[in-house]
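*Asks:* For any residue, its number in my numbering is found by taking its place in the sequence shown, counting from 1, and adding 2. Before I ask anything, here is the structure I am working with.
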Amino acid sequence: MAIHEKSLIDADRIMEHDSLVVDGVDVSGHWNTMIKPRYIADYDDDFEKIIQSYGGGENVHRCWQCGSCTNSCTMYAVNTDFNPRYWIYLTRLGLKDEIIKDKDIIWQCVSCNKCTNICPKDVRPEGVMKALAHWLEDEGHTEVKPSHLFDEEFWEQVERTGRIEDAHVIMGFFKKTKQPLIQEWLTAFTTRMIKHLPFAHLFRMGMNFVFTPRTRSWGRTGKVLREFVEQQEAEARERRQQARQAKEAA
Ligand code: SF4
Ligand code: SF4
3 MAIHEKSLID
13 ADRIMEHDSL
23 VVDGVDVSGH
33 WNTMIKPRYI
43 ADYDDDFEKI
53 IQSYGGGENV
63 HRCWQCGSCT
73 NSCTMYAVNT
83 DFNPRYWIYL
93 TRLGLKDEII
103 KDKDIIWQCV
113 SCNKCTNICP
123 KDVRPEGVMK
133 ALAHWLEDEG
143 HTEVKPSHLF
153 DEEFWEQVER
163 TGRIEDAHVI
173 MGFFKKTKQP
183 LIQEWLTAFT
193 TRMIKHLPFA
203 HLFRMGMNFV
213 FTPRTRSWGR
223 TGKVLREFVE
233 QQEAEARERR
243 QQARQAKEAA
């Protein structure tokens, strides 16, 4: 039989005859594929809880594996190894080592949130991708990735001013990732904007870049938001610490 996502199965577990006739019926190739059983002992019961303790991973337990997230995923369209449904499945089973094998692509999620919009169980797969990427960094499996630095810059601006100025985010991201501030694609992009956007709009953008406006009353609102985020992070750290201690004690 044909197998869905055959690439996810270790090659040495797939049995297939190139040429086979059974009772006069030709069942060559895919039609006689069998998979050797696998017995798993290297799972971590607490892994799902650990991922739930990261921002975005809270709803991972709700997944019923419909695959809509992967089907709609922007990254899957360009690289079929990028498979949110599969990583969520591994998370639920506690198969950390399998997730570590994909450490160099999980962080590539572009946060388009198509998966989040389509998910029938409100799992928020985009958040789970972020949670997994942060866990990989915390455990030292990957260095801090550009997507993390972008999120950091984005959040710092929201926290400071209650709004986002695209030019500031890009500049801040370039600084954090030690990229030159003048780049060919950016020059081409800016030239097109100057040519096609109305002057009033460009003027307003320029003024906002220089004076960095803040949302009205942001001082108090920002403070509440900051305290809330700090509280959430402290609780998440505490939950992770408890999960580690419980594991060590077991
Ligand atoms: S769309 Fe939602 S429920 Fe379906 S596989 Fe993805 S995360 Fe799971
Ligand atoms: S947010 Fe990430 S995981 Fe979700 S569809 Fe976009 S690229 Fe894929």
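Cβ atoms here follow ideal geometry from the backbone N, Cα and C, with glycine treated the same way.
(1) In its own chain, which residues sit with a C-beta less than 8 Å from the C-beta of F211, not counting the 5 before and 5 after it?
(2) Taking the alpha carbon of S219 as the reference point, which residue from K116, E161, R246 and H136 has its own alpha carbon closest?
(3) Mind the definition here: the segment 43-54 touches the segment 227-247 only if three or more C-beta pairs lie below 8 Å; say whether that holds.
(4) Taking just the CA atoms, how far does T93 sit from G31?
(5) By DSSP, does I166 sit in helix, in strand, or in coil?
(6) According to DSSP, simplified to helix, strand and coil, what is K28?
(7) Only counting the same chain, and skipping five residues up and downstream in sequence, which positions put a Cβ closer than 6 Å to that of C114?
(8) Flag P127 as yes when its Cβ comes closer than 7 Å to any non-hydrogen atom of ligand 2, and as no otherwise.
(9) Using only the alpha-carbon positions, how far apart do I120 and G26 sit?
(10) Could you check whether the Cβ of C121 sits closer than 7 Å to any heavy atom belonging to ligand 3?
(11) Closest to H143 by C-alpha separation, out of K98, R126, F175 and Q159, would be which residue?
(12) In whole angstroms, give me the CA-to-CA distance for P215 and A79.
(13) A135 and I102: beta carbons closer than 8 Å?
(14) Please determine whether the Cβ atom of V112 lies at a distance below 7 Å from any heavy atom of ligand 2.
(15) Does the beta carbon of S70 fall short of 7 Å from some heavy atom of ligand 2?
(16) Mapping DSSP to helix, strand and coil, what is I11?
(17) Using 10 angstroms around the beta-carbon of I90, count the other beta-carbons present and answer buried if the total reaches 16, otherwise exposed.
(18) Work out the CA separation of K225 and D106 for me, nearest whole Å.
(19) For T82, verify whether its CB is less than 7 Å away from any heavy atom of ligand 2.
(20) Pick out whichever of R15, E60, D20 and W33 has its Cα sitting closest to the Cα of Y41.
(21) Please look up how many angstroms separate the CB atoms of K178 and E155, rounded, as I've assumed it's under 8 Å.
(22) Between R222 and ligand 1, is there a pair consisting of the residue's CB and a ligand heavy atom that are separated by less than 7 Å?
(23) Distance, Cα to Cα, E235 vs F152?
(24) If you measure from the CB of I90, is any heavy atom of ligand 1 nearer than 7 Å?
*Replies:* In short:
(1) E167, A169 and H170
(2) E161
(3) yes
(4) 33 Å
(5) coil
(6) Note on residue identity: the sequence assigns Asp, not Lys, to residue 28. Correct three-state label for D28: strand.
(7) T76
(8) yes
(9) 46 Å
(10) With respect to ligand 3, the structure shown offers nothing to examine, as its ligands consist of ligand 1 and ligand 2.
(11) K98
(12) 38 Å
(13) no
(14) yes
(15) no
(16) coil
(17) buried
(18) 36 Å
(19) no
(20) R15
(21) 6 Å
(22) no
(23) 18 Å
(24) yes
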